[in-house]
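Position 326 (the sequence shown) corresponds to 318 in my numbering; numbering is contiguous.
Where a beta carbon is used, it is the ideal one built from N, C-alpha and C, also for glycine.
In this text the structure is predicted, and so the values were computed from the model without any measurement.
First up is the structure itself, then whatever we jot down about it.
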Amino acid sequence: MIPLPPVAHREIDDALELALGRLRARSAALGESAGALGVATAAAATGGKRVRPALVAAAFSAFGGDLTRAPGLWRVAAAFELLHAAFVVHDDLIDGDVERRGVPNVMGAFRDRARARGGDDDAAGMLGAAAAVLAGDLLLFEATRLIATAPVAAPQRAALFVLLDDALLVSAAGELADVEQTIGDALPATESLLRTARDKTAFYSFQAPLAAGALLAGATDDERAALEAAGADIGIAFQLADDLIGTFGSRDEAGREPGADLRASKRTPVIALAAESEAWPQVASALALAPTGPIAIRRAQHELTASGARERTVELIRTTLDRARTRADAAALPAAAHQLLETLADAVDRRIPR
-7 MIPLPPVAHR
3 EIDDALELAL
13 GRLRARSAAL
23 GESAGALGVA
33 TAAAATGGKR
43 VRPALVAAAF
53 SAFGGDLTRA
63 PGLWRVAAAF
73 ELLHAAFVVH
83 DDLIDGDVER
93 RGVPNVMGAF
103 RDRARARGGD
113 DDAAGMLGAA
123 AAVLAGDLLL
133 FEATRLIATA
143 PVAAPQRAAL
153 FVLLDDALLV
163 SAAGELADVE
173 QTIGDALPAT
183 ESLLRTARDK
193 TAFYSFQAPL
203 AAGALLAGAT
213 DDERAALEAA
223 GADIGIAFQL
233 ADDLIGTFGS
243 RDEAGREPGA
253 DLRASKRTPV
263 IALAAESEAW
273 PQVASALALA
283 PTGPIAIRRA
293 QHELTASGAR
303 ERTVELIRTT
313 LDRARTRADA
323 AALPAAAHQL
333 LETLADAVDR
343 RIPR
């Protein structure tokens, strides 16, 4: 998704492995149960596309930073991956998911651990939830520790902590709104759901990593503001594509059971756009049954597509990406930064499930 030289990927991998190895070793010293938590927590942050640390490094390079002479960059980049991993662990807990990429996640692993000890379903659920909360907390602290110990100038560290603070608060607000919007009979307005999409993903996944890399490279305030504005649009489009994947995507695309958002009765912009159509009565009926099983999920997918909601969501993604490209064109950004934003917009477009 993001073109980087091999040295950057190696440095990101090394920084992450150093942090996760420390976590595993310190946890193992506290006993078998804590050791198991350390292993599961590290596993939650292992693998994946590592988009966010790549964004930090790509923005740093795009604003003239030298990737071969940037010792503090890699800890900062790794911090954004651990922040993402923490949110994923907590998000799986909130959604009740016990798998990630087809294997047990932290909650699933500790549910299995409880059952292996003779625990019933209640005990398994309690232990799984506890482990997920604690694993997410450990990852959040490790992300903070990496920024606190990165060899960067004091003013840069202070600005990085502002970004981290905003990422945590904005994402928490978005996650809470995401859950609240499933409650009650009234369907939230499309604009409200779009704001949730922005808050839940756009800031911590795009705006903050891009701003962090540009900051470390010495970008001006105006350059960072323009970069963040375009990054916000790309992040919104990314979340909308994620909503399509959660609604229509395959197991390979979603990393979990197909139609997971329908099973969880999530009210995404896809659903709000369907509510604006004449087909809403049929869609609403199908959505009400979607949590009952795969056949009902397929029917809900069919009705959503027939209503035009899927096509309208794709159009909204592409309109948002075009706005990001326009922002990039209008701003006085370095050519490499402009190209980075174009590359990101194209990558999000390709992510739309076909």
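Reduced DSSP category for residue i - H, G, I as helix; E, B as strand; rest coil
| i | result |
| --- | --- |
| V95 | strand |
| I344 | coil |
| R259 | coil |
| I86 | helix |
| A251 | The sequence given here has Gly at residue 251, not Ala. The answer is coil: DSSP assigns G251 none of H, G, I, E or B. |
| R61 | coil |
| G285 | coil |
| A328 | helix |
| T174 | coil |
| A49 | helix |
| G56 | coil |
| A165 | helix |
| E268 | coil |
| L179 | coil |
Integer Cβ distance of residue i from residue j, believed to fall under 8 Å
| i | j | result |
| --- | --- | --- |
| L185 | A51 | Actually they are not in contact, since the Cβ atoms of L185 and A51 sit about 29 Å apart, beyond 8 Å. |
| E245 | L325 | Going by Cβ atoms, the distance from E245 to L325 rounds to 32 Å, so no, they are not a contact pair. |
| L313 | A276 | Going by Cβ atoms, the distance from L313 to A276 rounds to 30 Å, so no, they are not a contact pair. |
| A209 | F72 | Contact doesn't hold; Cβ gap of about 15 Å is too wide. |
| V68 | L152 | 6 Å |
| G120 | R103 | 4 Å |
| V98 | A123 | 5 Å |
| L232 | A189 | 6 Å |
| P96 | A70 | At roughly 24 Å, the Cβ-Cβ gap does not stay under 8 Å, so P96 and A70 are not in contact. |
| L296 | A288 | Wrong, their Cβ atoms sit about 13 Å apart, outside the cutoff. |
| A49 | L8 | The Cβ separation is near 13 Å, so there is no contact. |
| E305 | P261 | According to the sequence provided, residue 305 is Thr. The question's Glu does not apply to it. With a Cβ gap of about 6 Å, T305 and P261 count as contacting. |
| L10 | G30 | Between G30 and L10 the Cβ distance is about 14 Å, and since that is not below 8 Å, they are no contact. |
Residue i: first and last residue of the uninterrupted alpha helix (DSSP H) it sits in
| i | result |
| --- | --- |
| R42 | Note, R42: premise wrong, no alpha helix (DSSP H); not H, not E. |
| V306 | 301 to 322 |
| Q231 | 213 to 240 |
| L6 | One detail in the question is off: residue 6 reads as Asp in this sequence, not Leu. Looking at the DSSP string, the run of the alpha helix (DSSP H) that includes D6 is -2 to 20. |
| R190 | Here R190 belongs to no alpha helix (DSSP H), and DSSP marks it neither H nor E. |
| S277 | 272 to 281 |
| P201 | 200 to 209 |
| L29 | 24 to 36 |
Heavy atom of the ligand ZN within 7 Å of residue i beta-carbon
| i | result |
| --- | --- |
| F52 | In the structure on display, the ligand ZN does not appear, and there are no ligands present to speak of. |
Minimum Cβ-Cβ distance from residue i to chain B less than 8 Å
| i | result |
| --- | --- |
| R319 | Reference to chain B is not applicable here, since this structure consists of a single protein chain. |
* Tell me, please, whether the region 229 to 239 touches the region 247 to 258 by the rule of three or more beta-carbon pairs shorter than 8 Å. => yes
* Validate contact between the region 62 to 77 and the region 31 to 51 using beta carbons, cut 8 Å, 3 pairs -> yes
* **Inside the region 87 to 162 only - alpha helix (DSSP H) runs reaching at least 4 residues** => Runs found: 98 to 108, 113 to 141.
* Asked: Do three or more CB pairs link the region 265 to 285 to the region 320 to 336 at distances below 8 Å?
  -> no
* Please determine if the region 115 to 133 and the region 142 to 150 are in contact, where contact requires at least 3 C-beta pairs separated by less than 8 Å. => no
* To do: Say whether the region 181 to 197 touches the region 213 to 232, bearing in mind that this needs 3 or more beta-carbon pairs closer than 8 Å, one atom from each stretch.
  => yes
* Asked: Contact between the region 173 to 187 and the region 17 to 29: three or more CB pairs below 8 Å?
  -> In this structure the region 173 to 187 does not lie against the region 17 to 29, because fewer than three pairs of beta carbons, one per stretch, are closer than 8 Å.
* the region 110 to 123 in contact with the region 55 to 73 per 3-pair CB rule at 8 Å -> no
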